[in-house]
Ligand code: GLC
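Residue numbers (our numbering): 1 to 557.
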């Protein structure tokens, strides 16, 4: 592909840190079903993403990651892939995808796609062939069929095994519509190599790797201790036989070779990978960051943390140490399509964040939206000041809250039913975005339409159009922070030095001449000496930094 941005864009492989682009990139996650709907059927599509690319360019992001848009029966919102090399008709066509990549490149934005290698859809041709073939056949060997199941539970609740007509069982660590691949079968390895090349040939800048730690299962599929069952969004550190198997490192090294075989000297630069691995123990993550396999590992550890300077600092210190010691890249994340939105997380009684009651799991909880928004604004300045790359989930730049009041019969996430309706599931953070107008669908589609998940009735003030006109909006704050981040030599990749301003305060310096201060406590604090306030997440009171507010300061001469 020729470089569509030559003459317009800086050399994508250059930069102050001289590392690959992803080390300090800000990547925006698009959940295509809920981003923008161009054809007016109530579900987002790739033409909708194309039509809204200027929102992303104005925001100033370096790349977009597209959650799956592949043909899928939607048992798990598209993370059940029936064909890895096509576009689901609900989202458009491969031609739309190619246009999206080209039009994003014109704006200097790279496109990352989601690869789902742990499992496919039960509608995938190879799984249908496996069902039609007898036990012991080569077709069945591409999956994990057994005569007797072990005791593993699905990550979504219920048994991880489903029985087929001839009495055998197949393994699915997620929904029954998502059979796990057998990664010890060479057909599977070869197929995914082709999938990588297919999307690389179409110009993608890299891949987000779904459930990246679980592909290989320990030989013999040993039972889990009865008290140690699946909890993939809340890892607890003790080893399980379906995670971190040694073969993974070789697999990712082989993928890296494929990625590195694409020319890196023109846009989009070297091709990267970012792996979805939930870890709380940095020593688990370290082997993946050796430099010859995965490019990046998501750092999800701030998301489950309650609003507490001590908790945040512990996570940041440990994660930054991991990045420095390995030389690896562990991008910061505060939101994605699997966890409740920040505004809501930070707007509830923080004692409930780690220990939710049954009511909380069903969304029956008081939310102080104003407080949550104030904190989410401060968190945005923290996220974008930390050393390294950052991911922004669509709608977080608008300060959307979790939609807690979706009627039960409109819920789509399989977790709701698979947990026997004891957990509301993840739909509340996947609601179609508000773009403009006073009532649903708020410009998500350009005609009145019932969106695939209902939007709340009070989102008019959160719509993009409304926020663009308001210099005090959270959208304006994100844009200003991203602009400053690009401009300021201290931001992006690099190091940090903690400053001690009290137990409720996060404060660190970055060279040259930058300090972040975030007050997570209840009382105002006095700002340290500075030359200029570059950005503030909320109003300041002279030299006092109010509660739940963060600032970027220019210091030094
Ligand atoms: C990842 C995705 C999640 C999906 C699961 C199974 O965790 O982020 O949305 O349900 O994998 O594919």
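For every residue, glycine included, the Cβ atom is placed at its ideal position computed from N, Cα and C.
{"Check": "Residue interval of the alpha helix (DSSP H) (run including residue 323)", "Outcome": "309-326"}
{"Check": "Straight-line Cα distance separating residue 461 from residue 324", "Outcome": "42 Å"}
{"Check": "Spatially closest choice to residue 451 from 111, 463, 466 and 430, by CA coordinates", "Outcome": "430"}
{"Check": "Nearest candidate by alpha-carbon position, reference residue 503, set 314, 208, 207 and 41", "Outcome": "314"}
{"Check": "Contact check, residue 125 vs residue 164, beta carbons under 8 Å", "Outcome": "no"}
{"Check": "Selection from 370, 382 and 433 that minimises the alpha carbon distance to residue 398", "Outcome": "433"}
{"Check": "Close beta carbons around residue 354, own chain, < 8 Å, minus the five adjacent residues each side", "Outcome": "304 and 306"}
{"Check": "Helix, strand or coil at residue 365 according to DSSP, with G and I counted as helix", "Outcome": "coil"}
{"Check": "CA nearest to the CA of residue 280, picked from 521, 437 and 317", "Outcome": "317"}
{"Check": "For residue 409, the nearest candidate out of 424, 396, 400 and 401 (CA to CA)", "Outcome": "424"}
{"Check": "Neighbour-count burial assignment, residue 225, 16 or more Cβ in a 10 Å radius", "Outcome": "exposed"}
{"Check": "Endpoints, the beta strand (DSSP E) within which residue 514 is located", "Outcome": "514-519"}
{"Check": "Residue 444 to residue 35 span [Cα, whole Å]", "Outcome": "7 Å"}
{"Check": "Whole-Å CB distance - residue 103 paired with residue 50, under 8 Å assumed", "Outcome": "6 Å"}
{"Check": "Among 414, 345 and 389, the one whose alpha carbon lies nearest that of residue 396", "Outcome": "345"}
{"Check": "Outcome for residue 270 when other beta-carbon atoms lying within 10 angstroms are tallied against a minimum of 16", "Outcome": "buried"}
{"Check": "Pair within 8 Å by beta-carbon distance, residue 178 and residue 83", "Outcome": "no"}
{"Check": "Residue 244 beta carbon near the ligand GLC (any heavy atom closer than 7 Å)", "Outcome": "no"}
{"Check": "N- and C-terminal bounds of the alpha helix (DSSP H) containing residue 48", "Outcome": "46-51"}
{"Check": "Any non-hydrogen atom of the ligand GLC closer than 7 Å to residue 170 Cβ", "Outcome": "no"}
{"Check": "beta-carbon residue 41 near the ligand GLC non-hydrogen atom, thresh 7 Å", "Outcome": "no"}
{"Check": "8 Å Cβ shell around residue 510 - same chain, five flanking residues per side excluded", "Outcome": "385, 387, 490, 491, 494, 495, 496, 497 and 516"}
{"Check": "Proximity test, residue 333 beta-carbon vs the ligand GLC heavy atom, cut-off 7 Å", "Outcome": "no"}
{"Check": "Cutoff 6 Å; reference residue 1; Cβ partners in own chain excluding five residues on either side", "Outcome": "Only weak support exists for where residue 1 lies, its pLDDT of 35 falling under 50; the value from the coordinates is given anyway. If we look at residue 1 and ignore the five residues flanking it on each side, its Cβ neighbours are 203."}
{"Check": "Neighbouring residues (CB closer than 6 Å to any heavy atom of the ligand GLC)", "Outcome": "76, 79, 116, 174, 210, 211, 276, 337 and 338"}
{"Check": "Buried versus exposed call for residue 206 [16 or more other C-beta atoms within 10 Å across all chains shown]", "Outcome": "buried"}
{"Check": "Cβ-based burial, residue 512 [other Cβ within 10 Å; buried from 16]", "Outcome": "exposed"}
{"Check": "Classification of residue 567 by the beta-carbon crowding that lies within 10 angstroms, buried from 16 upward", "Outcome": "Because the chain spans 1 through 557 in this model, residue 567 falls outside it and cannot be assessed."}
{"Check": "Which residues DSSP lists as bridging residue 393, in chain order", "Outcome": "29"}
{"Check": "Same chain, Cβ closer than 6 Å to residue 393, neighbours up to 5 away in sequence not counted", "Outcome": "29, 335 and 336"}
{"Check": "Check whether residue 421 and residue 175 have beta carbons under 8 Å apart", "Outcome": "no"}
{"Check": "Delimiting residues of the alpha helix (DSSP H) encompassing residue 478", "Outcome": "474-487"}
{"Check": "Length of the line joining the Cα atoms of residue 97 and residue 411", "Outcome": "28 Å"}
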